[in-house]
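Notes for the one structure printed next.
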Amino acid sequence: MKEDKSSHAYWNATLGLLTKILIVWFAVSFGAGILFVDVLNNIKLGGYPLGFWFAHQGSIYIFIALIFYYAKKMGDIDRQFDVHED
Amino acid sequence: MELQTTIYIFVGLSFALYLGIAVWARAGSTSEFYAAGGSVHPITNGMATAADWMSAASFISMAGLIANMGYGGGLFLMGWTGGYVLLAMLLAPYLRKFGKFTVPQFIGDRFYSKSASTIAVMCLLVASLTYIIGQMTGVGIAFARFLGVSSDTGIYVGMAIVFAYAVFGGMKGITYTQVAQYIVLILAYTVPAVFISLQLAGNPFPQLGLGGTYTGTDMSLLAKLDQVVTDLGFGKYTTQLPGSTLNMFMYTMSLMIGTAGLPHVIMRFFTVPSVKDARSSAGWALIFIAILYTTAPAVGAMAKLNLHATVNTAVKAGGDLYAPEASIKNEDRPDWMKRWEKTGLLKFTDKNGDGRIQYYNDKTKNEVAKGKAEAAGWKGNELDVNADIIVLANPEIALLPNWVIALVAAGGLAAALSTAAGLLMAISSAVSHDLIKGVFNPNISEKNELLAGKVSMAVAIVVAGYLGLNPPGFAAGTVALAFGIAASSLFPAIMMGIFSKKMNKEGAMAGMLAGLFFTLFYVFAHKGVFFIKGTEYLGLIGGANSFFGITPEAIGAVGALVNFAVAFLVDKVTKEPPEHIQAMVEAVRIPRGSKTVTGAH
Numbered sequence: 684m685k686e687d688k689s690s691h692a693y694w695n696a697t698l699g700l701l702t703k704i705l706i707v708w709f710a711v712s713f714g715a716g717i718l719f720v721d722v723l724n725n726i727k728l729g730g731y732p733l734g735f736w737f738a739h740q741g742s743i744y745i746f747i748a749l750i751f752y753y754a755k756k757m758g759d760i761d762r763q764f765d766v767h768e769d
Numbered sequence: 033m034e035l036q037t038t039i040y041i042f043v044g045l046s047f048a049l050y051l052g053i054a055v056w057a058r059a060g061s062t063s064e065f066y067a068a069g070g071s072v073h074p075i076t077n078g079m080a081t082a083a084d085w086m087s088a089a090s091f092i093s094m095a096g097l098i099a100n101m102g103y104g105g106g107l108f109l110m111g112w113t114g115g116y117v118l119l120a121m122l123l124a125p126y127l128r129k130f131g132k133f134t135v136p137q138f139i140g141d142r143f144y145s146k147s148a149s150t151i152a153v154m155c156l157l158v159a160s161l162t163y164i165i166g167q168m169t170g171v172g173i174a175f176a177r178f179l180g181v182s183s184d185t186g187i188y189v190g191m192a193i194v195f196a197y198a199v200f201g202g203m204k205g206i207t208y209t210q211v212a213q214y215i216v217l218i219l220a221y222t223v224p225a226v227f228i229s230l231q232l233a234g235n236p237f238p239q240l241g242l243g244g245t246y247t248g249t250d251m252s253l254l255a256k257l258d259q260v261v262t263d264l265g266f267g268k269y270t271t272q273l274p275g276s277t278l279n280m281f282m283y284t285m286s287l288m289i290g291t292a293g294l295p296h297v298i299m300r301f302f303t304v305p306s307v308k309d310a311r312s313s314a315g316w317a318l319i320f321i322a323i324l325y326t327t328a329p330a331v332g333a334m335a336k337l338n339l340h341a342t343v344n345t346a347v348k349a350g351g352d353l354y355a356p357e358a359s360i361k362n363e364d365r366p367d368w369m370k371r372w373e374k375t376g377l378l379k380f381t382d383k384n385g386d387g388r389i390q391y392y393n394d395k396t397k398n399e400v401a402k403g404k405a406e407a408a409g410w411k412g413n414e415l416d417v418n419a420d421i422i423v424l425a426n427p428e429i430a431l432l433p434n435w436v437i438a439l440v441a442a443g444g445l446a447a448a449l450s451t452a453a454g455l456l457m458a459i460s461s462a463v464s465h466d467l468i469k470g471v472f473n474p475n476i477s478e479k480n481e482l483l484a485g486k487v488s489m490a491v492a493i494v495v496a497g498y499l500g501l502n503p504p505g506f507a508a509g510t511v512a513l514a515f516g517i518a519a520s521s522l523f524p525a526i527m528m529g530i531f532s533k534k535m536n537k538e539g540a541m542a543g544m545l546a547g548l549f550f551t552l553f554y555v556f557a558h559k560g561v562f563f564i565k566g567t568e569y570l571g572l573i574g575g576a577n578s579f580f581g582i583t584p585e586a587i588g589a590v591g592a593l594v595n596f597a598v599a600f601l602v603d604k605v606t607k608e609p610p611e612h613i614q615a616m617v618e619a620v621r622i623p624r625g626s627k628t629v630t631g632a633h
């Protein structure tokens, strides 16, 4: 089967990546840091209750990782569909 | 050396550095003036973005807010960083590919309408102006405290400095000065934090120290803090909520969306050479921001514990916090308290006349704490501490050497000046590029446009300085408004412009206006029409926070939803955008063919 290289397929691949990342983005901040904070606080990370740690520290570290993961994966998708910059 | 002399030397050296950069980076073309010629390395740009973003509020106020709000303070930490994920993925690379200087220009071209662009200019001006007033007052306060000049003189000096490098250097001058300012402010923030973390938890990394053991006890630092503050009737540090879980959720969301929609942040991504660089630059910006933002919760919590330990000896020694001899005698209070009393930001009133400082929450709903305080003969809280002194007084509380205090002074000024310059750039480009060139005089020559840019920047500095000298008395409400506007009008419009090919001008304009008016309506109900005191109309909306208990600071997220909903409804009943606009959206979505940013229409 020939690989679909159309701009439509490129955009779908992009949206797929964005959706995945936004799920993680939401899960660590709004999920672990706010909605499920009380449950997670029963677990300890050193002296930190885990939910509190997500709200005050963890989310930020994961945000950074998410952006670099996105930048790398987008680069891969660009090359795969041959739309990268020279 | 005298503390005052050391401060003069540190601040003077940092100013000389900024001015030196300004001379080196003079802007000769509109491309250099608006977008630094599109040639800034992504790491350099990330550092400049971080300085641009971290204002006097982040530097001076945030740790103090966290100290008071405890867990709830996390909404600032997550909100002001999480927005970068949205910015990096949803806006920055596409706006960079679009390749123009300003946000209103994108909105105007994408929605093929001068009116849409003018609405965007209006939103941008209101958001940026309200934001900049706070920066100028911040400059004034920092000068007044550290240089011993009046706050007014401080603002004049600040205006002159920003004028020198922003007007002559444009975006290029601003970018490279911001890099220098970032280095100054981050050292100023982390150096005292490292010392304090070592003192309190024996760990040089504040991020780890906060999760460590409180030196001299066998308890973890946070558990100790929880115990002390609940015992004294305050909310439990690691769980206290700002209102409700829903409010915390919406507040965080508003700050995230607002961050991604603030024009002075977005326009930083026009200065990098390629789409690829725009993506990674947001990541670099967040790394540089995170160094301060992950330190802040440690600074807040440790300063709070330090303060309690200073006035109540039972915190450290264990035992009864309510024992009469546990509270320190007023005459034994440390020197730094005496120094800050002079500024009026720290105040002791001996309500029960025993000569000792009782610091607790006298409005507590905790019956046990209330009972203990009454039994001990306490007649009310006797120490008022302004949250803003937490960072500035931190090195003094920890008895650090003079050069650290001087460094903090230079850092606070760097934070305020860098953000002010970035905002001025956003304002000036909106006026000269989007209004003068875009609407009134499209045939203006590049030379005259550059001149118009410099003149509008100069005017903006004078207006901002005037507002800083005569603050309209709504400083606290303004930041909420800036974020609310960015979240409810600009962010959804840009996002729909990229992610919906069929979104038309009617939908986008209706959405922006609906989001904007909804947000303004709710904020003004609480804070007065245009913040004029006495014009609040809470009765009309059924009391304070009547919308599901959401505070006006958190309403931007709801405004954004209103914007999206209205835009899609109007879009459905009006005709779809012309073919060439849909083709333009297609082109913006792919990186290939990106060019240096230009002003051409």
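Residue numbers (our numbering), protein chains in the order written: chain Y, 684 to 769; chain Z, 33 to 633. Glycine included, every Cβ here is placed at the ideal spot set by N, Cα and C.
Less than 9 Å between CB atoms is the rule here; does residue i satisfy it with respect to chain Y?
i	result
Z:Gln-239	yes
Z:Thr-222	no
Z:Pro-125	yes
Z:Met-121	yes
Z:Phe-506	At Z:Phe-506 the pLDDT is 49, less than 50, meaning the model places this residue with poor confidence; the figure from the coordinates comes in the next sentence. No, because no Cβ of chain Y sits closer than 9 Å to the Cβ of Z:Phe-506.
Z:Arg-624	yes
Z:Ser-252	yes
Z:Val-72	no
Z:Leu-242	yes
Z:Ile-98	yes
Z:Pro-329	yes
Z:Arg-621	yes
Z:Tyr-103	yes
Z:His-633	Since pLDDT at Z:His-633 reaches only 47, below the 50 mark, its modelled position is unreliable, and the value read off the structure follows with that caveat. So no, Z:His-633 is outside the interface.
For the beta strand (DSSP E) holding residue i, just list the boundary residues, first then last.
i	result
Z:Asp-416	415 to 417
Z:Lys-404	That residue, Z:Lys-404, is in no beta strand (DSSP E); its alpha helix (DSSP H) goes 399 to 407.
Z:Phe-380	378 to 380
Got a sec: is the Cβ-Cβ distance from residue i to anything in chain Z below 9 Å?
i	result
Y:Leu-701	yes
Y:Gln-740	yes
Y:Ile-747	yes
Y:Val-720	yes
Y:Ala-754	yes
Y:Asn-725	no
Y:Ile-706	no
Strictly below 9 Å CB to CB, what residues from chain Y border residue i?
i	result
Z:Glu-618	Ser-690 and Trp-694
Z:Phe-108	Residues of chain Y passing the Cβ test: none, with the nearest at roughly 10 Å.
Once DSSP output is grouped into helix, strand and coil, what is the label at residue i?
i	result
Y:Leu-728	strand
Z:Arg-142	helix
Z:Asn-434	helix
Z:Thr-62	helix
Z:Arg-621	helix
Z:Arg-365	coil
Z:Thr-245	strand
Z:Asn-235	coil
Z:Phe-506	With a pLDDT of only 49 at Z:Phe-506, under the threshold of 50, the placement of this residue in the model should not be trusted, and no figure is reported.
Z:Ala-458	helix
Z:Ser-359	strand
Report the neighbours of residue i on chain Y: residues whose CB is nearer than 7 Å to its CB, in chain order.
i	result
Z:Lys-308	Gly-758 and Glu-768
So residue i contacts chain Y; which residues on that side make the cut at Cβ distance below 8 Å?
i	result
Z:Leu-513	Here the premise fails: no neighbours, minimum Cβ distance about 24 Å.
Z:Ile-319	Ile-747
Z:Met-280	Ile-717
Z:Thr-277	Ile-717 and Leu-718
What are the start and end residues of the alpha helix (DSSP H) that includes residue i?
i	result
Z:Ala-540	537 to 559
Y:Trp-694	690 to 709
Z:Trp-410	Unbroken run through Z:Trp-410: none, as it is neither H nor E.
Z:Leu-572	Counting along the chain, Z:Leu-572 falls outside any alpha helix (DSSP H), and DSSP gives it neither H nor E.
Z:Val-602	588 to 605
Z:Gly-44	35 to 56
Z:Leu-318	307 to 343
List, in order along the chain, the chain Z residues whose C-beta lies closer than 9 Å to that of residue i?
i	result
Y:Leu-728	Gly-243
Length-filtered (4 minimum) alpha helix (DSSP H) runs lying within the region 107 to 151 of chain Z: 124 to 130 and 135 to 142
Length-filtered (4 minimum) alpha helix (DSSP H) runs lying within the region 140 to 211 of chain Z: 146 to 179 and 183 to 194
Unbroken stretches of the alpha helix (DSSP H), 4 residues or longer, contained in the region 254 to 300 of chain Z: 277 to 293 and 295 to 298
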